[in-house]
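Residue numbers for the sequence shown follow full-length UniProt numbering, so the first one is 1 and each next one is one higher.
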Amino acid sequence: MPGPTPASSKARVYTDVNTHKNREYWDYDAYTPNWSNQDNYQLVRKLGRGKYSEVFEAINVTNNDKVVVKILKPVKKKKIKREIKILENLKGGTNIIRLVDTVKDPVSRTPALVFEFINNTDFKELYQKLTDYDIRFYMYELLKALDYCHSMGIMHRDVKPHNVMIDHQLRKLRLIDWGLAEFYHPAQEYNVRVASRYFKGPELLVDYQMYDYSLDMWSLGCMLASMIFLKEPFFHGQDNYDQDTNTSNHSLLFISNITFVSCFKTVFLFNTT
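Have a look at this one:
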């Protein structure tokens with residue numbers, strides 16, 4: 001006997017963005033990327049690697065500009081087209097990493113994405129020295145990036161410190177890595193195997209597929225908590241079940257701490273006026 005059907009759920013904001021867009025805006029299956037000459041870019045040094053890509057600092061030999069080249073590992077073409085289509089749609093958006101070019105090796109046919117270069121400071125080092133004002137400033141900048149992509153009908157689905165580049169000297173923030181991003185359609189079921197464990201929203205931990213943009217806001221909240229309390233990650237589960245339990249317990253502690261701090265500030269201000 002089949003179980004109960006999950007209740008339909010819709011986002012409270014930007015619900016029908018893609019409903020009102022032309023199909024070509026969100027139908028990445030039908031999208032054909034334009035590939036440029038990879039010889040325009042010379043790799044300088046490796047910056048990192050992930051499950052789906054390797055990332056390098058590079059030079060654009062045509063103008064000597066520093067760039068970042070993300071060489072994609074073998075994945076479904078559909079996933080590559082989705083990432084490029086989303087980056088194209090978000091181009092010029094507030095604090096969204098700018099896609100400069102898309103290139104492909106003529107022999108191996110390995111695709112790569114070229115981005116603007118950000119002189120990032122490792123978050124484990126940076127978070128230790130952020131002031132209260134710094135935290136508020138960078139969280140506001142990240143919120144602007146998320147509000148922009150959500151207003152364009154797109155969920156990031158992998159918000160975490162590793163995907164937020166900060167040039168502290170220039171006070172510049174960019175939201176990167178749109179490989180797991182997806183277009184939001186009301187009441188659609190999505191893959192729950194997205195986001196990194198420590199930043200997964202409760203929906204993902206209980207396999208609820210009808211989630212929305214709020215998934216990104218939970219992840220941002222986890223980042224904010226880790227900045228304030230200097231605990232990274234703030235929620236540290238050994239697996240999804242443990243993460244869910246960890247999240248529930250620590251959320252109560254977090255709320256208690258915030259309430260205590262708010263009360264303390266109220267009393268302090270009252271007694272000094």
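The beta-carbon is built from N, C-alpha and C at its ideal position, and this holds for glycine as well.
Item, Value
"Pop quiz: tyrosine 28 and lysine 81 are said to be a contact at Cβ under 8 Å. What is the actual Cβ separation, rounded to whole angstroms?", "5 Å"
"For proline 186 and arginine 157, what's the separation of their Cα atoms in angstroms?", "16 Å"
"In whole angstroms, what separates the C-alpha of tryptophan 178 from that of arginine 197?", "17 Å"
"Could you check the C-alpha separation between methionine 165 and histidine 20 for me, to the nearest Å?", "32 Å"
"Is alanine 58 buried or exposed, if buried means 16 or more other CB atoms sit within 10 Å of its CB?", "buried"
"Kindly indicate which residue of Pro74, Leu47, Lys79 has the alpha-carbon position closest to the one of valine 67.", "Leu47"
"Classify methionine 227 as helix, strand or coil using the three-state DSSP reduction.", "helix"
"Would DSSP call leucine 269 helix, strand or coil?", "Since pLDDT at leucine 269 reaches only 43, below the 50 mark, its modelled position is unreliable, and the value read off the structure follows with that caveat. Helix, per DSSP."
"Is the Cβ-Cβ distance between glycine 153 and tyrosine 190 less than 8 Å?", "no"
"Considering only residues of the same chain and omitting the five flanking positions on each side of aspartate 105, which have a CB-CB separation below 7 Å?", "Gln38"
"Can you check DSSP and say which residues form a bridge with threonine 102?", "Leu113"
"Closer than 8 Å by C-beta to glutamate 232: which residues in its own chain qualify, once you throw out the five before and the five after it? Chain order, please.", "Phe123, Lys124, Tyr127, Pro161, Ser226"
"By Cβ distance, which residues of its chain are closer than 8 Å to leucine 170, with the 5 residues on each side in sequence left out?", "Asn119"
"Is the beta carbon of threonine 110 sitting closer than 8 Å to the one on isoleucine 84?", "no"
"Check whether the Cβ atoms of histidine 150 and valine 13 sit closer than 8 Å, and answer yes or no.", "yes"
"Does the Cβ of arginine 23 have 16 or more other Cβ atoms within 10 Å, making it buried, or fewer, making it exposed?", "exposed"
"Would you list the one or two residues that DSSP bridges to asparagine 60?", "Tyr41, Asp65"
"Would you grab the beta carbon distance between leucine 173 and isoleucine 97 for me? Rounded to a whole angstrom, and I think it's under 8 Å.", "With 8 Å as the limit, leucine 173 and isoleucine 97 do not qualify as a contact, their Cβ atoms being about 10 Å apart."
"Would serine 53 be called buried (16 or more neighbouring beta carbons within 10 Å of its own) or exposed?", "buried"
"Going by DSSP, which residues form a beta bridge with valine 192?", "The partner list for valine 192 (beta bridge, DSSP) is empty, contrary to what the question assumes."
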